[in-house]
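Engineer:
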């Protein structure tokens, strides 16, 4: 099986599943919930980078996924840090290792809170300075680790424990905000498209400066769906156009192949199919769904315009 | 060894250069700003081989410094007042990770109202964190203490971060003659960077995930306390060695000024101890048996060293340039506690909370206040109001 | 690394960082190896990496039941429905 992927120069660089490293970068018996998308993301991260990766992880689900000392549930060097500090710490660590001539890939791996809310200032600072790190936002669209509270990346209408009748605000478009920081690499990814994600991570590794990858990670517990459907829900997000896969090398935005078909509104699955599959949208009215459809259309128009620049 | 006319901030910058610091995180705050400005100038002129990370906040300043330090290089930052408060959670994190880092604190009052003048509230608010905490009396000591901290914090008996305080504007912006040691001399004395663990590819370990056993966690905490106790010895050793290579030694944890045969002691910390020394001289001239015990280090608290003097004294005056609201001055609280722990009884201890909000306390004020305490104890045998605010 | 007297907040990669997570599941995946087409989708999409690939062996896919949490993603992603989630008890 192979996914055809687009490289930065438009060439196809197929990654074959059989070529992916089998080394376990996520240890069995870790503390993640069954069906956890963060585990998927971490496995793919390990496959993408390998032994040169060093992770800087602020407070969030991934902190807990690691399990209990003296054991670590993730087979990569990890520096756990306070909530609002991951990109800055990663920048310091990357600087030190570069000065010492050590070849390492420093990845600041944070959730949507640690990236877009409490972690936003430090993220923006690292991006503006073009610090040589990769920041990956593992976006499960709420503060999941503290029990499903809304974040700025929670979508419109979603139930959380602090928006029990549904969030009123729309999802903050963090990938576009990072695009406007004019950093060398910005991309979105999804745990349902592992080869696309791995290729993007490897692309980021090959570049110098600040690289940002926003990984869509549907959470069975917080989004209220069966844990077996994690990959399916992530796929639906892309197929309905609610999540757009793109990459921007030096500011040049390209819609990624898995999302290409959905530029055409007629080819997108109905947004309702994605929403009805998740308990967190159970109370949505038809009007809410319409609002979300319009939102999806608007966002697509913007992205298509950006791609044409 | 050339004498340079340096402000306290520039003296600290010279020390950072001598220590061959490799990564500096810079964020400005009055009255620290000229430290990072000078360091940037040194880097850009090629005098200091280091990388400066121009962070967007103090929280990120310490985070970046800590990240670099975890990656195996000497890293430094500086801050004051609200900046120090902003990075407070990182201050705890660095100490708990046992990664040696040196930070300069140009002490400044905390608002509201906004106040840029010197107070010790900011640095004293870090007492519980597990950082070594010391304060300089003058610009020479600001340089010397910064250098010494690199050696002390990286000693394997310690492995704790350290902060050196210097009074805002009084020291930071006032120029004094400072002897800047020769780079070769410092190179021969300061060993290469040492830390308990270091991140690099190939070393697969994890720092800080949740412990299965809370007792293990408690033991980690206990180890910080153990290291603090060990640090007392290390501080003294380093002061001795430094004395041999530069001709300047201060006495380790405390400096004793005319205290050998004193019956009354003044205890304080920081720049205003210079004025206290003037007061001690004046009072000695009038026949008062007074001496100054200047705390160089407040963490670890120099219980043993202080108590060798306090064991047989009649009275003590403790000057605090900050206050623990709802209680008393923090130095006072420590002095009372640690003399009690060693079974010292019978002496009277007065707390003056002074210099708050940057209020000036002249050597004449000190003379008057110390004299009044000594007189009170001599006449009445006890101090009626133990804790008093001096507001001029 | 520091001398053993210093107690550091460090941990090392190991299985069972949260215990024997196999005890969590209420359903277990069972593979019909006759149907398996060796596409590796189950291996690729298993969040805990408890599905192994055995290139040589008679059974291409192995499952570590000591740690499998029974999430059921493997059943969903298998294109030929070679995996079935069956009740644990």
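Residue numbers (my numbering), protein chains in the order written: chain A, 71 to 379; chain B, -8 to 383; chain C, 21 to 109.
Just so you know, even glycine gets a beta-carbon here, dropped at the ideal spot from N, CA and C.
Pop quiz: residue 261(B) and residue 312(B) are said to be a contact at Cβ under 8 Å. What is the actual Cβ separation, rounded to whole angstroms?
Structural biologist: Rounded, the Cβ-Cβ distance is 6 Å, consistent with contact.
Engineer: Buried or exposed, going by whether 16 or more other CB atoms sit within 10 Å of the CB of residue 381(A)?
Structural biologist: In the structure as shown, chain A begins at 71 and stops at 379. Residue 381(A) is therefore absent and cannot be evaluated.
Engineer: Let's test the definition: count the other Cβ atoms within 10 Å of the Cβ of residue 53(C) and tell me whether it reaches 16, buried, or not, exposed.
Structural biologist: Exposed is the call here.
Engineer: What are the residues of the segment 88 to 108 of chain A that lie near chain C, defined by any Cβ-Cβ distance shorter than 9 Å?
Structural biologist: So the close ones are 88, 90, 92, 94, 95, 96, 97, 98, 99, 100, 101, 102, 103, 104, 105, 106, 107, 108.
Engineer: Between residue 29(C) and chain B, is there a C-beta pair that is closer than 8 Å?
Structural biologist: Output row for residue 29(C): interface = yes.
Engineer: Drop a sphere of 10 angstroms on the beta-carbon of residue 386(B), count the other beta-carbons inside from all chains shown, and report buried for 16 or more, exposed for fewer.
Structural biologist: With chain B running from -8 to 383 in the structure shown, residue 386(B) is simply not present.
Engineer: Relative to chain C, which residues along the segment 165 to 197 of chain B have a C-beta separation below 7 Å, given in chain order?
Structural biologist: Within the segment 165 to 197 of chain B, the qualifying residues are 187, 188, 195, 196, 197.
Engineer: Pop quiz: residue 124(B) and residue 229(B) are said to be a contact at Cβ under 8 Å. What is the actual Cβ separation, rounded to whole angstroms?
Structural biologist: About 16 Å separates the two Cβ atoms, so there is no contact after all.
Engineer: Between residue 270(B) and residue 357(B), what straight-line distance do the alpha-carbon atoms span, to the nearest angstrom?
Structural biologist: Using only the alpha carbons, I get a separation of about 6 Å.
Engineer: Compare the Cα-Cα distances from residue 328(A) to each of 379(A), 344(A), 261(A) and report the closest residue.
Structural biologist: The option with the nearest alpha carbon to residue 328(A) is 261(A).
Engineer: Can residue 189(B) and residue 258(B) be called in contact, C-beta distance under 8 Å?
Structural biologist: The answer is no: Cβ separation not under 8 Å.
Engineer: Kindly list, in the order they appear in chain C, the residues whose Cβ is closer than 7 Å to that of residue 143(A).
Structural biologist: What residue 143(A) touches in chain C: 37, 38.
Engineer: Name the DSSP beta bridge partners of residue 339(B), please?
Structural biologist: Bridge partners of residue 339(B): 306(B).
Engineer: Is it right to say residue 40(B) is buried, meaning 16 or more other beta carbons lie within 10 angstroms of its own, or is it exposed?
Structural biologist: By the neighbour-count rule (16 or more Cβ atoms within 10 Å), residue 40(B) is not buried but exposed.
Engineer: Taking residue 137(B) as part of the alpha helix (DSSP H), name the residues at either end of that continuous run.
Structural biologist: Start and end: 130 to 144.
Engineer: In its own chain, which residues sit with a C-beta less than 7 Å from the C-beta of residue 113(A), not counting the 5 before and 5 after it?
Structural biologist: Closer than 7 Å at the Cβ level, and outside the excluded window around residue 113(A), lie 95, 96.
Engineer: Give a yes or no on whether 8 Å exceeds the smallest Cβ distance from residue 268(A) to chain C.
Structural biologist: For residue 268(A), the answer is no, since every Cβ of chain C falls outside 8 Å of its Cβ.
Engineer: Which partner residues does residue 16(B) have in the DSSP bridge list?
Structural biologist: Per DSSP, 44(B).
Engineer: Give the straight-line distance between the Cα atoms of residue 36(C) and residue 118(A), rounded to the nearest whole angstrom.
Structural biologist: Using only the alpha carbons, I get a separation of about 24 Å.
Engineer: Mind reading off the beta-carbon distance from residue 165(A) to residue 44(B)? Whole number of angstroms is fine, and I expect it under 8 Å.
Structural biologist: Indeed they touch by this definition, with Cβ atoms about 6 Å apart.
Engineer: What three-state label does DSSP hand residue 380(B) in the structure shown?
Structural biologist: Looking at residue 380(B) - three-state DSSP - the assignment turns out to be strand.
Engineer: Does residue 173(A) get closer than 8 Å to chain B when you measure Cβ to Cβ?
Structural biologist: With 8 Å as the cut-off, residue 173(A) counts as an interface residue toward chain B.
Engineer: With 8 Å set as the bound, which would you pick, yes or no: does the beta-carbon of residue 207(B) sit closer than that to a beta-carbon of chain A?
Structural biologist: Chain A, which has a Cβ nearer than 8 Å to the Cβ of residue 207(B), makes this yes.
Engineer: Would you verify that the beta carbon of residue 343(A) is, or is not, closer than 8 Å to some beta carbon of chain C?
Structural biologist: False, the Cβ-Cβ gap to chain C never drops below 8 Å.
Engineer: Answer with yes or no whether the minimum CB distance from residue 13(B) to chain A is below 8 Å.
Structural biologist: At least one chain A Cβ lies under 8 Å of residue 13(B).
Engineer: Is residue 209(A) helix, strand or coil by DSSP?
Structural biologist: DSSP places residue 209(A) in strand when its eight states are reduced to three.
Engineer: Chain B beta carbons: is any one of them nearer than 8 Å to that of residue 137(A)?
Structural biologist: Taking Cβ atoms only, chain B reaches closer than 8 Å to residue 137(A), which makes this a yes.
Engineer: Taking 8 Å as the threshold (beta carbon to beta carbon), is residue 88(B) in contact with chain C?
Structural biologist: Taking Cβ atoms only, chain C reaches closer than 8 Å to residue 88(B), which makes this a yes.
Engineer: According to DSSP, is residue 94(C) helix, strand or coil?
Structural biologist: In this structure, residue 94(C) counts as helix in the three-state DSSP scheme.
Engineer: Just the C-alpha distance for residue 343(B) and residue 319(B), rounded to the nearest angstrom, thanks.
Structural biologist: Looking at the two C-alpha atoms, the distance is approximately 9 Å.
Engineer: At 3 residues or longer, and completely inside the segment 311 to 367 of chain A: list those beta strand (DSSP E) runs for me, N to C.
Structural biologist: As far as the segment 311 to 367 of chain A is concerned, its whole beta strand (DSSP E) runs of at least 3 residues are 316 to 319, 322 to 325.
Engineer: Going by beta carbon distance, what residues of the same chain come within less than 6 Å of residue 21(B), once the five residues before and after it are set aside?
Structural biologist: If we look at residue 21(B) and ignore the five residues flanking it on each side, its Cβ neighbours are 107.
Engineer: Would DSSP call residue 9(B) helix, strand or coil?
Structural biologist: Correct three-state label for residue 9(B): helix.
Engineer: To the nearest angstrom, report how far apart residue 355(A) and residue 215(A) are at their CA atoms.
Structural biologist: Rounded to whole angstroms, residue 355(A) to residue 215(A) spans 28 Å at the Cα level.
Engineer: Interface residues of chain C around residue 298(A) at Cβ under 7 Å?
Structural biologist: Neighbours of residue 298(A) on chain C, chain order: 91, 92, 93, 95, 96.
Engineer: Taking 8 Å as the threshold (beta carbon to beta carbon), is residue 50(B) in contact with chain A?
Structural biologist: True, the Cβ-Cβ gap to chain A drops below 8 Å.
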